[in-house]
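Engineer:
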Amino acid sequence: MASIYWYCALAIICVGMTVFILYKKKNLYEFISFFLFAMMTAFIGEMIVLLFLKSYSYKPGVFTDYYAENIFGHIVPNASLWPATALLVVAYSLRCRWIVLITVIFTLLDILFANLGIYQHHWWKTWMTSVVIFFYCILMKIWFVQLKSKRSGILRYITFWFILLVILKLPESFLLLSGMQYAIVGWFENLYRDAGVFSVIYNAALSFLCVFFICILKKWYWKLVPFFICFSFDVILLNKGILFFNGGWNIYPDASAFRMPDTIHCT
């Protein structure tokens, strides 16, 4: 079986589990919001160990580039397996023995994917996966309980921040892999690594500002500021030759009107 089929099978199972939980529990707004928060938490954690520390690598067999393979490969578990598991834990208030069972399942999945050659350890060990998933489930359960008990405060701001971040970041990952939109800042030699890391930091800053203007400042007109900020920052990146659109894709088709002509120089 081709590598990608294993990744697709995992994603389909997890999406099915997520849909079933949402259908049974009915509270769509609450659980979808938490699902997105749990997804971004997984993305951030793996970005550190995968892109920076090169702990392991994914091999879905879709791209020839090492970092493109890893970006695509890590989207599947972080956008489906990890948040679906977190949703299962909080939706049914699973106790420790169930979390231990989940840990065993993740451990077996780690071993299976490694033995199939579609996922490779570098310095990472299987027991590390076991430890991470156990504490991830515990953290998600505690976080959800605290969110339920506190209708405002720092936890809700952080949760909203992560939700906005994943909404901004995930589509950009697919656009990067398709070559339709990416940024080049020169932090790393590899385009996918360079654009991927910059995208996380850039969108984290944008989503943080959005949280500030939407949640902290109470006047209605402050809610409009994030749209202006996002547009302005993107136009700046376009003018600086950092942000690129290809293949007929351009979310700012008239942004060229804001570019400074090459023949004009400030003195």
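In terms of my numbering, the sequence shown is residues 107 to 373.
Virtual Cβ for every residue (Gly too), placed ideally from N, Cα, C.
Owing to the predicted nature of the structure, the values given are computational and were not obtained by experimental measurement.
Please confirm whether residue 137 and residue 193 have their CB atoms less than 9 angstroms apart.
Structural biologist: Yes, they are a contact pair.
Engineer: Roughly how many whole angstroms lie between the Cα atoms of residue 261 and residue 108?
Structural biologist: Rounded to the nearest angstrom, the two C-alpha atoms are 42 angstroms apart.
Engineer: Helix, strand or coil for residue 349 per DSSP?
Structural biologist: Here residue 349 sits in strand by DSSP.
Engineer: Tell me the rounded alpha-carbon separation between residue 352 and residue 164.
Structural biologist: Roughly 27 angstroms separates the two Cα atoms.
Engineer: Can you find the residues in the same chain that come closer than 7 angstroms, C-beta to C-beta, to residue 125, ignoring five residues on each side of it along the sequence?
Structural biologist: Same-chain partners within the cutoff: there are none.
Engineer: Can you tell which of 110, 343, 246 and 129 has its C-alpha closest to the C-alpha of residue 225?
Structural biologist: It is 110.
Engineer: Pick helix, strand or coil for residue 289, following the three-state DSSP scheme.
Structural biologist: The answer is strand: DSSP assigns residue 289 an E or B state.
Engineer: Using 8 angstroms as the cut-off, can you tell me whether the region 312-326 makes contact with the region 196-208, which would need three or more C-beta pairs spanning the two stretches below that distance?
Structural biologist: With a cut-off of 8 angstroms, the region 196-208 and the region 312-326 do not count as touching, because too few Cβ pairs lie within range.
Engineer: Give the DSSP-derived three-state secondary structure of residue 118 in the structure shown.
Structural biologist: In the structure shown, residue 118 sits in a helix (DSSP, three-state: H, G or I).
Engineer: Considering only residues of the same chain and omitting the five flanking positions on each side of residue 281, which have a CB-CB separation below 6 angstroms?
Structural biologist: The answer, listed in chain order, is 287.
Engineer: Using 9 angstroms as the threshold, is the C-beta distance between residue 142 and residue 134 below it?
Structural biologist: Taking 9 angstroms as the Cβ cut-off, residue 142 and residue 134 do not qualify as a contacting pair.
Engineer: Kindly indicate which three-state DSSP category residue 228 falls into: helix, strand or coil?
Structural biologist: The answer is coil: DSSP assigns residue 228 none of H, G, I, E or B.
Engineer: What is the residue span of the alpha helix (DSSP H) that residue 279 lies within?
Structural biologist: From DSSP, the alpha helix (DSSP H) with residue 279 extends over 260-284.
Engineer: Under three-state DSSP, which class holds residue 198?
Structural biologist: Of the three classes helix, strand and coil, the one that applies to residue 198 here is coil, per DSSP.
Engineer: Can you tell me whether DSSP reads residue 215 as helix, strand or coil?
Structural biologist: Three-state result, residue 215: helix.
Engineer: Does the distance from the C-beta atom of residue 377 to that of residue 283 stay below 9 angstroms?
Structural biologist: Absent from the model: residue 377. The displayed extent of the chain is 107 to 373, so no value can be given.
Engineer: Is the separation between the beta-carbon of residue 289 and that of residue 350 shorter than 9 angstroms?
Structural biologist: Result yes, Cβ atoms of residue 289 and residue 350 sit closer than 9 angstroms.
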